[in-house]
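There are 2 protein chains.
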Amino acid sequence: MAVTIKDVSAKCGLSISTVSKAFNNYSDISAETRELVHRTAREIGYYPNAIARTLKTNRSYNLGVLYSDDGQNGLTHSFFAQVLDAFKSECEKHGYDLTFINHNVGWTGMTYLEHCRYRNVDGVCLVCADFYSTEVAELATSDIPCVTIDHAFNNRSCVMSDNLQGVQQLVRHAVSNGHRKIAFVHGQRSSVTENRITGYYRALNEAGIDPRADYLVDALYDSPTAGYTAMNQLMKLADPPTCVLMPDDHSALGALEAAGDLHLRVPEDVSIAGYDGNRLGQMLHPRLTTVKQDTKRMGVQAALYLIERIENPRTAVSEVGMVPIKLIPGESMGKVKK
Amino acid sequence: MAVTIKDVSAKCGLSISTVSKAFNNYSDISAETRELVHRTAREIGYYPNAIARTLKTNRSYNLGVLYSDDGQNGLTHSFFAQVLDAFKSECEKHGYDLTFINHNVGWTGMTYLEHCRYRNVDGVCLVCADFYSTEVAELATSDIPCVTIDHAFNNRSCVMSDNLQGVQQLVRHAVSNGHRKIAFVHGQRSSVTENRITGYYRALNEAGIDPRADYLVDALYDSPTAGYTAMNQLMKLADPPTCVLMPDDHSALGALEAAGDLHLRVPEDVSIAGYDGNRLGQMLHPRLTTVKQDTKRMGVQAALYLIERIENPRTAVSEVGMVPIKLIPGESMGKVKK
DNA sequence: ACTTTTTCCGAAATCGGTTTAGTGAGAGCG
DNA sequence: CGCTCTCACTAAACCGATTTCGGAAAAAGT
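So the sequence lines, in the order shown, correspond to chains A and B.
Count along the first sequence starting at 1, add 765, and that's the number in our numbering.
Count along the second sequence starting at 1, add 765, and that's the number in our numbering.
The structure is reproduced here in structure tokens:
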């Protein structure tokens, strides 16, 4: 069925070795022979089989992508989907394919690491995973080249969105609009969340505002309903905040809904901000004040780090790339009423 | 580094063949031996290498996924992302991994089909692709098992969302609310679009309404700006429609925006419907009337068709699965003013 | 003319498995 | 006891490439 190197060698009247060498640009092949080989290969539609090549060279030109199985937020989550999309394009540009890594391939209970070895991936990108699980840590700290998104492992490359700056700028923006009672609703425990909380405290401190425990609310990412609940809770405080920062744009939608149900106008009665800069937030009225993460740059950067590691294992160093964010002011954040 | 079959055979004092057979449940291996092999394999952490196995058996347990490179709507598009997510889960359940197929791996200008052969995928799922391109057609009609989403190729399995019913039900819903002037804004040419237009005409016919050419507007999928433009155009007609069906929820957002800018209230002055049933549509006020596609079922069904084809090539027949949709009424569609 | 070097190519081992064909030991049988 | 049959296992070919090592022929040097 498929055309193999043998067909080329037969058609050229050359040995298999010679054909292989011609394809891999060995120096001990004459220009004419090389040309002949390439020509006939094109004629009969030959291209080396990746499987056979991988077996011998131990280089698959295939990268693993860890995209949390469990968790409801898989491919559906727009932030991760965008990062992955950019990562994918950049990898393809360099000749690498992408295969999903998971830990329940059929019957066998392979770990992530085992799955990577099983498929001989050259490297792996942890896009969206439970970074606190031992299995993920095992993979990240293995000898397989690895890059992570938004969570740093010791001595491994990582691309981070500047979450600290993101929240800090949001708070500054709020303060510049006269807000002093600023609440922060955050998502699940993660390094992203930690950085954002730090940014929150830092900006409050900078503005000389004392943080209040009841203004820091534990909620979920990407959950309008959790956002609704959190907003409700905040607004029912004896001394409610005048500005609420939500974990993301979807959650902010829930908050807007809650405000509506409480007959609070946004931004006249209360200001709300999201995070992510989804298109939808810009279609709302009021337009959502939010922070745009540079997902494209994150994905591309991750690909470059990983490929560098793979292709220059000796000289490549692990890097932590901090990708800047951009504050997007919208009408959902208003000046505070006197 | 990696532990191979040799290590197991050495540790057991058995030949390589025996170990392999024990793993593949050959009948000419005694129960004790089989047990011994599995036990030691577990001890030293052995699992057969997929690459080596593939080379010999020509079965990779790897499926290709075609997810349009070009087109801006890649992984980002929520409908496709959801289908892919379900497809992925189901495949993993059956022991298959997923690799993205594209046509610009590095320098080489491989076609989709060549890429599939290059990676030895057992089958391929065309999720989101330009079905009218010759390259895609070449792949779909090749000897590689194939399943498509929302576009049927002769004698190939396919999973379709019932788009005809979807639009038909929307129109019926509009009619039942007293609308007679119903416009349909549709996305790019595709089999999905064709079916929807047919559903539109059919429902109009059913209600005894004469279709009007100026009520059928050519726009784009997933484009709020195109939606905005289309809505604007419709509302400026001498005799504007009272109800507008948009290509999808995102486009509907654009239409809502346009209505707002024209100081038209929804649904009092004009009714608007979306398509897809995104979460966001349900968070809007007014809640968007829309059609929910069963993306999960589509993905799972596609996986089952494909795997059936792969594992029972002789008996499997090509099937076209029609997945039902669900109308989701919302406040964006109101009773027509007298 | 003879040695040395360079150029170009091929034989064969190898990667880690699967599978076919065969083999030796013991059981069953007359 | 000798024969055949099973049973349980192994040797070896093979999948499609890459790569090391070596060798023949041509070119260069003396």
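Just so it is clear, CB atoms sit at the ideal spot from N, CA and C, and this is done for glycine as well.
Mark residue i as exposed unless 16 or more other C-beta atoms lie within 10 angstroms of its C-beta, in which case mark it buried.
i: H1015 (chain A); result: buried
i: K853 (chain A); result: buried
i: T1060 (chain A); result: buried
i: P1012 (chain A); result: buried
i: I947 (chain B); result: buried
i: V1082 (chain A); result: exposed
i: A767 (chain B); result: exposed
i: T1007 (chain B); result: buried
i: I809 (chain B); result: exposed
i: Y897 (chain B); result: exposed
i: Y791 (chain A); result: exposed
i: D862 (chain B); result: buried
i: E879 (chain B); result: buried
Indicate whether residue i and residue j have their beta-carbon atoms separated by less than 8 Å.
i: M1063 (chain B); j: V889 (chain B); result: no
i: V773 (chain B); j: T805 (chain B); result: yes
i: V924 (chain A); j: Y1070 (chain A); result: yes
i: L891 (chain B); j: T913 (chain B); result: yes
i: G1019 (chain A); j: G1046 (chain A); result: no
i: D979 (chain A); j: L1010 (chain A); result: no
i: H859 (chain A); j: C893 (chain A); result: no
i: Y832 (chain A); j: F788 (chain A); result: no
i: P910 (chain A); j: R1074 (chain A); result: yes
i: L981 (chain B); j: V936 (chain B); result: no
i: N942 (chain B); j: G1099 (chain B); result: yes
i: Y1170 (chain B); j: V932 (chain B); result: Only positions 766 to 1103 of chain B appear in the structure, and residue 1170 (chain B) is not among them; the question remains open.
i: I1093 (chain A); j: V1035 (chain A); result: no
i: M1048 (chain A); j: L1027 (chain A); result: no
i: Y883 (chain B); j: A815 (chain A); result: yes
Helix, strand or coil for residue i per DSSP?
i: A1003 (chain A); result: coil
i: Q1058 (chain B); result: strand
i: T864 (chain A); result: strand
i: G1042 (chain A); result: coil
i: K1100 (chain A); result: coil
i: Y980 (chain A); result: helix
i: H951 (chain A); result: strand
i: L831 (chain A); result: strand
i: M1048 (chain B); result: helix
i: V784 (chain A); result: helix
i: M1011 (chain B); result: coil
i: L1021 (chain B); result: helix
i: L1053 (chain B); result: coil
i: L1069 (chain A); result: helix
i: L1027 (chain A); result: coil
i: T1080 (chain B); result: coil
i: I1090 (chain B); result: strand
i: I770 (chain A); result: helix
i: G943 (chain A); result: coil
i: I816 (chain B); result: helix
i: T906 (chain A); result: coil
Got a sec? Which residues, its chain only, sit under 7 Å from residue i by beta carbon, not counting five neighbours each side?
i: V1031 (chain B); result: L1021, A1024, I1037, P1051 and S1097
i: N960 (chain B); result: N928 and L929
i: T958 (chain A); result: H951 and G952
i: V784 (chain A); result: I770, V773, S774, C777 and V802
i: I794 (chain A); result: T783, K786 and A787
Please return the same chain residues whose Cβ sits closer than 8 Å to the Cβ of residue i, not counting the five positions on each side in sequence.
i: V1088 (chain A); result: V924, M925, S926, D927, Q1058, D1059, R1062, M1063 and Q1066
i: V886 (chain B); result: S825, N827, L828, G829, T864, I866 and I909
i: R921 (chain A); result: A905, T906, C911, V912, T913 and S1083
Give every residue of the same chain whose Cβ lies closer than 6 Å to the Cβ of residue i, excluding the five residues on either side of it in the sequence, and list them in chain order.
i: T899 (chain B); result: none
i: F918 (chain A); result: A905
i: A1068 (chain B); result: F852, E855 and C856
i: F949 (chain B); result: Y965, L981 and L1010
i: N997 (chain A); result: A1023
| said: To be precise: take each residue of the stretch 879-896 of chain A, compare its Cβ to all Cβ atoms of chain B, and keep it if any distance is under 7 Å. Which residues remain? | reply: E879, R882, Y883, R884 and N885
| query | What are the residues of the stretch 894-913 of chain A that lie near chain B, defined by any Cβ-Cβ distance shorter than 7 Å? | reply | none
| Using a Cβ cut-off of 9 Å, which residues of the stretch 1061-1090 of chain B contact any Cβ in chain A, in chain order? | none
| task | Output, in sequence order along the chain, the residues in the stretch 981-1000 of chain B whose CB is closer than 8 Å to any CB in chain A. | result | P989
| task | Compile a chain-ordered list of the residues in the stretch 796-812 of chain B whose CB is closer than 8 Å to at least one CB of chain A. | result | G810 and Y812
| query | Listed in chain order, which residues of the stretch 918-943 of chain B have Cβ atoms closer than 9 Å to some Cβ of chain A? | reply | none
| task | Name, going along the chain, the residues of the stretch 1005-1035 of chain B whose beta-carbon falls closer than 8 Å to a beta-carbon of chain A. | result | H1015, L1018, G1019, L1021, E1022 and G1025
| message | Tell me which residues of the stretch 1043-1062 of chain A have at least one Cβ-Cβ distance to chain B shorter than 7 Å, keeping chain order. | response | Under the 7 Å Cβ criterion, the stretch 1043-1062 of chain A contributes R1044, L1045, M1048 and H1050.
| request: Could you run through the stretch 841-857 of chain A and flag, in chain order, every residue whose CB is less than 8 Å away from some CB of chain B? | output: T841, S843, A846, Q847, L849, D850, K853, S854 and E857
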